[in-house]
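**Student:** Below is the structure I would like to discuss, written out as structure tokens.
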């Protein structure tokens, strides 16, 4: 298949759309959270204003090259995940740059941002950043294992590493979704999903109360703006990926936004209900329950395939 | 951090390599703050609107009056409704609301936090004692006028000011920002030497770099 330059345009449009979806969902989520706590809460479009304000700050101070590159790498991770997964099933405009082995590449991109951020925040030199990075890398690494297992399970089930093919195999009604055909692997995937969304109970990385917001402590103005942009795109990209792998993908933007909202809200609801894990507890939890459940799910999947 | 931590010293790295550390040069920026000109008229108006609608506040409470900032954070007064959000780190805030009496020790960190903020930044001074000392006007370890040490945008009188008056003060600040009068950062940069001299006058054992960013 040849490369068509017009695909870049489609990918940019798709990126713009998902950015807005991300901003709105994060605003609405905060609003719902506030209303549940009987507060008034922010306006749902407040994230946009915060973003404009941060980009518009007149001064910024850099601590070095990696400090610049940290947010850039983080944003690259977010955009990278998004650009290599098909967003709308069957649409030639919104398939982005998906190819036969995109699932493996996406796994790299999910971890890439965290590493870049670790280098950048490390150069900031603030002790809180260092603590945040230490916790973040440990926890993300632990959450990555069930994530890889879940991906592996899906790949075994559909005998494919291409997200497009996996979505295609799930077409034809809800009973074809991985959620129904293989609930165990979906459960493992969702556990890993919770672990990477930096929400309670796995939000010890940011921990606003003890280590003021962790790795981004030193990031300000434009740097923070880039990180905020990523915070709109990256969770959405991950959620779209999960919708594709486990919930049958989406054939149009309406269905996509609905599914993404519901999957995203699972992490929010879990976060509201459960208090924060300490980092040692969360790692132990991932290794003790998620890993064992994942291995069982892998066995079950292989048996089903036979 | 103490004064000694700013001295040059030899450090042994984890792999046994020895190297020299000069904290003032290595850990802190050596540049003075400079004046940043506002953008063109309509564009600056839009940006000022965004700034006024998104006030990120560092609650720098050093005295008794700061107790009134806590009720302000509660659902009863809903700061979010007034576009006010609290940030835990000075790097990301725009408004240090410096509270009440400023004993000399916390006052030393006040300018540091202020300088770490990236402009445009606005100072809201809570309580009568930031204006003329209030009931602490003859105390041995407080300053009387905050304006000598940081460029204050809005004073909120009262001893202590109720959360309602704090909200009124923040509303006033928003009006000032929208009118383009929140240029405290440039004022600070323009008169940096005078502000610094005043700050050094009250903090005898100056154990910080001159530029705190």
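Chains as they are written, first to last, in the numbering used here: chain A, 1 to 306; chain B, 307 to 519. No residue lacks a Cβ here, since even glycine has one placed at the ideal position from N, Cα and C. Bear in mind that the values here come from a model prediction, so they are computed numbers and not experimental data.
Is there a Cβ of chain A sitting closer than 8 Å to that of residue 406(B), yes or no?
**Tutor:** What you label residue 406(B) is simply residue 100 of the second chain in a count that begins at 1. Note on residue 406(B): pLDDT 49, under 50, position unreliable in the model; no value is reported.
**Student:** CA-CA distance, residue 401(B) and residue 480(B)?
**Tutor:** Locating residue 401(B) in the second chain gives position 95, where the first residue counts as 1. Locating residue 480(B) in the second chain gives position 174, where the first residue counts as 1. Distance between the alpha carbons of residue 401(B) and residue 480(B): 11 Å.
**Student:** With a threshold of 7 Å on Cβ separation, who are the neighbours of residue 75(A) within its own chain once the five nearest residues in sequence on each side are excluded?
**Tutor:** Here residue 75(A) refers to the residue found at position 75 when the first chain is read from its first residue. Around residue 75(A): 226, 229 and 230.
**Student:** Can you tell me which of 3(A), 93(A) and 275(A) puts its alpha carbon nearest to the alpha carbon of residue 10(A)?
**Tutor:** Within the first chain, the letter at position 10 stands for residue 10(A). The candidate whose alpha carbon is nearest that of residue 10(A) is 93(A).
**Student:** Let me see if you follow: with CB-CB separation under 8 Å, is residue 419(B) close to chain A or not?
**Tutor:** Numbered from its first residue, the second chain carries residue 419(B) at position 113. So, not an interface residue.
**Student:** Roughly how many angstroms lie between the CA atoms of residue 220(A) and residue 446(B), to the nearest whole one?
**Tutor:** As a first step, residue 220(A) must be located in the first chain, where it is residue number 220. As a first step, residue 446(B) must be located in the second chain, where it is residue number 140. Residue 220(A) and residue 446(B): Cα-Cα distance of roughly 37 Å.
**Student:** Would you mind listing the beta strand (DSSP E) stretches within the stretch 418 to 455 of chain B that are 3+ residues and don't spill past its ends, in chain order?
**Tutor:** Runs found: 430 to 432.
**Student:** For residue 325(B), does the three-state DSSP call read helix, strand or coil?
**Tutor:** Locating residue 325(B) in the second chain gives position 19, where the first residue counts as 1. Residue state, collapsed to three classes: strand.
**Student:** List, from N- to C-terminal side, the alpha helix (DSSP H) runs of 4 residues or more that fit wholly inside the stretch 164 to 250 of chain A.
**Tutor:** For the stretch 164 to 250 of chain A, whole alpha helix (DSSP H) runs of length 4 or above, ordered along the chain, are 178 to 181, 183 to 196 and 221 to 246.
**Student:** Taking just the CA atoms, how far does residue 274(A) sit from residue 243(A)?
**Tutor:** The residue given as residue 243(A) occupies position 243 in the first chain. The residue given as residue 274(A) occupies position 274 in the first chain. Each residue's alpha carbon lies about 24 Å from the other.
**Student:** If residue 462(B) sits next to residue 452(B), beta carbons under 8 Å apart, how far is it from one beta carbon to the other, in whole angstroms?
**Tutor:** For the purposes of this step, residue 462(B) is taken as residue 156 along the second chain, with counting starting at 1. For the purposes of this step, residue 452(B) is taken as residue 146 along the second chain, with counting starting at 1. Actually they are not in contact, since the Cβ atoms of residue 462(B) and residue 452(B) sit about 12 Å apart, beyond 8 Å.
**Student:** Check residue 45(A) in the structure and name its three-state DSSP category.
**Tutor:** The residue labelled residue 45(A) in the question sits at position 45 within the first chain. Here residue 45(A) sits in coil by DSSP.
**Student:** When you compare the CB of residue 212(A) with every CB in chain B, is at least one pair closer than 8 Å?
**Tutor:** Locating residue 212(A) in the first chain gives position 212, counting from the first residue. For residue 212(A), the answer is yes, since a Cβ of chain B falls inside 8 Å of its Cβ.
**Student:** Would you call the stretch 270 to 284 of chain A and the stretch 172 to 182 of chain A in contact, with 3 or more CB pairs under 8 Å?
**Tutor:** No, the stretch 270 to 284 of chain A does not touch the stretch 172 to 182 of chain A.
**Student:** In the stretch 183 to 207 of chain A, which residues sit with their C-beta less than 8 Å from some C-beta in chain D, listed in chain order?
**Tutor:** Protein chains A and B are contained in the structure displayed, whereas chain D is not.
**Student:** Please confirm if residue 44(A) has its CB atom under 8 Å from at least one CB of chain B.
**Tutor:** Here the question's residue 44(A) lines up with position 44 in the first chain. Not closer than 8 Å to any Cβ of chain B, the Cβ of residue 44(A) fails to qualify, so no.
**Student:** Give the straight-line distance between the Cα atoms of residue 116(A) and residue 73(A), rounded to the nearest whole angstrom.
**Tutor:** On the first chain, position 116 is the one that residue 116(A) refers to. On the first chain, position 73 is the one that residue 73(A) refers to. Near 5 Å, if we compare the C-alpha coordinates of residue 73(A) and residue 116(A).
**Student:** Tell me whether residue 159(A) sits in a helix, a strand or coil according to DSSP, three-state version.
**Tutor:** Within the first chain, numbered from 1, the residue matching residue 159(A) stands at position 159. Residue 159(A): coil per DSSP, three-state reduction.
**Student:** Just to confirm, is the Cβ distance from residue 188(A) to residue 293(A) under 8 Å?
**Tutor:** For the purposes of this step, residue 188(A) is identified with residue 188 of the first chain, where counting begins at 1. For the purposes of this step, residue 293(A) is identified with residue 293 of the first chain, where counting begins at 1. Yes. Within cutoff.
**Student:** What residues from chain A crowd round residue 497(B), counting only those whose CB sits closer than 7 Å?
**Tutor:** In the second chain, counting from the first residue as 1, residue 497(B) sits at position 191. None at all; the shortest Cβ gap to chain A is about 17 Å.
**Student:** For residue 60(A), which residues in chain B fall below 8 Å Cβ to Cβ?
**Tutor:** Within the first chain, the letter at position 60 stands for residue 60(A). What residue 60(A) touches in chain B: 424.
**Student:** What residues match up with residue 461(B) in a beta bridge as DSSP calls it?
**Tutor:** Residue 461(B) sits at position 155 when you count from the first residue of the second chain. Bridge partners of residue 461(B): 431(B).
**Student:** If you draw a straight line from the C-alpha of residue 270(A) to the C-alpha of residue 367(B), how long is it?
**Tutor:** Your numbering for residue 270(A) matches position 270 in the first chain. Your numbering for residue 367(B) matches position 61 in the second chain. Near 34 Å, if we compare the C-alpha coordinates of residue 367(B) and residue 270(A).
**Student:** By the criterion of Cβ-Cβ separation under 9 Å, what are the contact partners of residue 28(A) in chain B?
**Tutor:** Position 28 of the first chain holds residue 28(A). Going along chain B, no residue has its Cβ under 9 Å from residue 28(A), so there is no contact; the nearest lies around 14 Å.
**Student:** List the residues of chain A whose Cβ lies closer than 7 Å to the Cβ of residue 359(B), in chain order.
**Tutor:** Locating residue 359(B) in the second chain gives position 53, counting from the first residue. Residues of chain A passing the Cβ test: 49.
**Student:** In or out: residue 170(A) buried (at least 16 other Cβ within 10 Å) or exposed?
**Tutor:** As a position in the first chain, residue 170(A) is number 170, starting the count at 1. Looking at its Cβ environment, which holds 16 or more other Cβ atoms inside 10 Å, residue 170(A) is buried.
**Student:** Check each candidate in 215(A), 55(A), 265(A) and 131(A) and name the one with the smallest Cα separation from residue 239(A).
**Tutor:** Residue numbering aside, residue 239(A) sits at position 239 when the first chain is read from its first letter. When only C-alpha atoms are compared, the closest one is 265(A).
**Student:** Output, in sequence order along the chain, the residues in the stretch 375 to 386 of chain B whose CB is closer than 7 Å to any CB in chain A.
**Tutor:** Answer set for the stretch 375 to 386 of chain B: 381, 384 and 386.
**Student:** Among the candidates 497(B), 454(B) and 469(B), whose CA atom is the shortest distance from the CA of residue 390(B)?
**Tutor:** Numbered from 1 along the second chain, position 84 holds the residue referred to as residue 390(B). Measuring from the Cα of residue 390(B), the nearest candidate turns out to be 469(B).
**Student:** May I ask you to list the residues that DSSP assigns as paired with residue 317(B)?
**Tutor:** In the second chain, residue 317(B) corresponds to position 11, counting from 1. Looking at the DSSP assignment, residue 317(B) forms a beta bridge with 325(B).
**Student:** Between residue 502(B) and the rest of its own chain, which residues show a CB-CB distance below 6 Å, the 5 nearest in sequence each way excluded?
**Tutor:** The residue given as residue 502(B) occupies position 196 in the second chain. Contacts found: none.
**Student:** Of all the CB atoms in chain B, is at least one closer than 8 Å to the CB of residue 53(A)?
**Tutor:** Counted from its first residue, the first chain places residue 53(A) at position 53. Output row for residue 53(A): interface = yes.
**Student:** Roughly how many angstroms lie between the CA atoms of residue 406(B) and residue 260(A), to the nearest whole one?
**Tutor:** What you label residue 406(B) is simply residue 100 of the second chain in a count that begins at 1. What you label residue 260(A) is simply residue 260 of the first chain in a count that begins at 1. In this prediction, residue 406(B) has a pLDDT of 49, which is less than 50 and means its spatial position is unreliable; what the coordinates show is noted afterwards. Residue 406(B) and residue 260(A): Cα-Cα distance of roughly 47 Å.
**Student:** Where does residue 473(B) sit, in a helix, a strand or coil, going by DSSP?
**Tutor:** Taking the first residue of the second chain as 1, we reach residue 473(B) at position 167. Helix, per DSSP.
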